[in-house]
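Worksheet for the structure shown next.
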Amino acid sequence: MPIIRHFLRRLFRMSDTEKIAILGGTGDLGTGLAIRWAKAGHEIIIGSRTLAKAQKAVENLHKISPQTPAQAMENPDAASAGTLVVLTVPAEHQVSTLNTVKAGLSRKILIDVTVPLVPPKVGTVQLPTEGSAGKRAQEFLGDSVTVVTAFQNVAAHLLQTDAHISCDVLVCGNKRAARKRVIELAEQAGMRAWHAGPIENSAAVEALTSVLIQINRRHDISHSGIKIVGQDDH
Ligand SMILES: NC(=O)c1ccc[n+]([C@@H]2O[C@H](COP(=O)([O-])OP(=O)(O)OC[C@H]3O[C@@H](n4cnc5c(N)ncnc54)[C@H](OP(=O)(O)O)[C@@H]3O)[C@@H](O)[C@H]2O)c1
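Residue 539 is where the sequence shown ends in my numbering, and the numbering goes up by one at each step.
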């Protein structure tokens, strides 16, 4: 069976499936990514501070994607069990959450979606002293973990539906191969995604979210996004 599956993937140019652990996967963005990746055929682990809350989220995921292998775990166990880990918690809890899961992240890709909004002025760019949330995560975790930032400009409620998402995803991180893997995952979730350079560049992507919030308010639209132009075939 594994040989046949491998052959079919090669034939259809499909990427290998991951066991994707989503920390804070009970929340809005984590739920949206879990739904999209479950439908794309990946195995999902929902991580939470509370096992019962993760179990409830898995039940809900199974209502939408009954065939998806999905498990509920507390965040540290989820981080250890995942082949690839995604952090989806509010910015103020980014580092404290990473601190609880650090041991399970070694030699893995961590996708960090954190936007460092500071209420009440969420429409004003207020990046942290480290430069960006992504850089803060990479510095905190060290070189044994490859932090790749993505999805900061995509609305969670769009991910939770079958809606076509016209907002592109800018992918930042220090390793090209890791960015490429995250681009594939974004495409499998229904979005166009782009190499956007090293982790330092995450500052610009995170800052764009406050710009989009302003555009939403001033132009009365519910979810503005960004699109990269210039490629002939789009
Ligand atoms: N919402 C969007 O449209 C959107 C778009 C782009 C990027 N983002 C980014 O995605 C991240 C998640 O956003 P969200 O809207 O999904 O957030 P959320 O629903 O408010 O929270 C996500 C999860 O974070 C966990 N959490 C809450 N308080 C915590 C604490 N004190 N310590 C550790 N974990 C805690 C909770 O999980 P448990 O209670 O199960 O532990 C919660 O379900 C943020 O960094 C945000 O900037 C969001």
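Where a beta carbon is used, it is the ideal one built from N, C-alpha and C, also for glycine.
Neighbourhood of residue i by C-beta distance below 6 Å, restricted to the same chain and skipping five residues each side
i             : result
lysine 344    : Ser370
lysine 532    : Asp473
threonine 419 : Ala396, Gln399, Ala438
alanine 461   : Asp333, Leu334, Gly337
lysine 358    : Thr331
Test item: CB-CB of residue i and residue j under 8 Å
i              : j             : result
leucine 410    : leucine 446   : yes
leucine 338    : leucine 464   : yes
glycine 535    : serine 471    : no
isoleucine 504 : glutamine 457 : no
serine 515     : valine 394    : no
histidine 500  : arginine 486  : no
Contact test: residue i Cβ vs ligand 3 heavy atom, cutoff 7 Å
i           : result
leucine 366 : The model on display carries ligand 1 but not ligand 3.
DSSP three-state assignment for residue i, whether helix, strand or coil
i              : result
lysine 532     : coil
lysine 426     : coil
leucine 356    : helix
glycine 478    : strand
threonine 336  : helix
proline 307    : With a pLDDT of only 44 at proline 307, under the threshold of 50, the placement of this residue in the model should not be trusted; the figure read from the coordinates follows. Helix at proline 307.
aspartate 448  : coil
methionine 319 : Interpretation of methionine 319 is limited by its pLDDT of 46, a score under 50 that renders its predicted location unreliable; the figure taken from the coordinates is listed afterwards. Coil, per DSSP.
threonine 454  : strand
isoleucine 351 : strand
Residue i beta carbon near ligand 1 (any heavy atom closer than 7 Å)
i                 : result
glycine 439       : no
aspartate 292     : For residue 292 there is no data in the structure shown, the boundaries of the chain being 306 and 539.
lysine 358        : yes
phenylalanine 445 : no
glycine 329       : yes
arginine 290      : Nothing about residue 290 can be read from this structure; the chain reaches only from 306 to 539.
glutamine 519     : no
glutamine 376     : no
serine 401        : yes
glutamine 457     : yes
valine 510        : no
threonine 429     : no
proline 425       : no
alanine 501       : no
threonine 466     : no
Proximity test, Cβ basis, 8 Å: residue i and chain B
i           : result
leucine 403 : You won't find chain B in this structure, because it holds only one protein chain.
Contact set for residue i: own chain, Cβ-Cβ below 7 Å, skip 5 residues either direction
i          : result
serine 449 : Ser411, Arg412
8 Å Cβ shell around residue i - same chain, five flanking residues per side excluded
i             : result
glutamine 519 : Gly428
glycine 495   : Arg341, His469, Ile470
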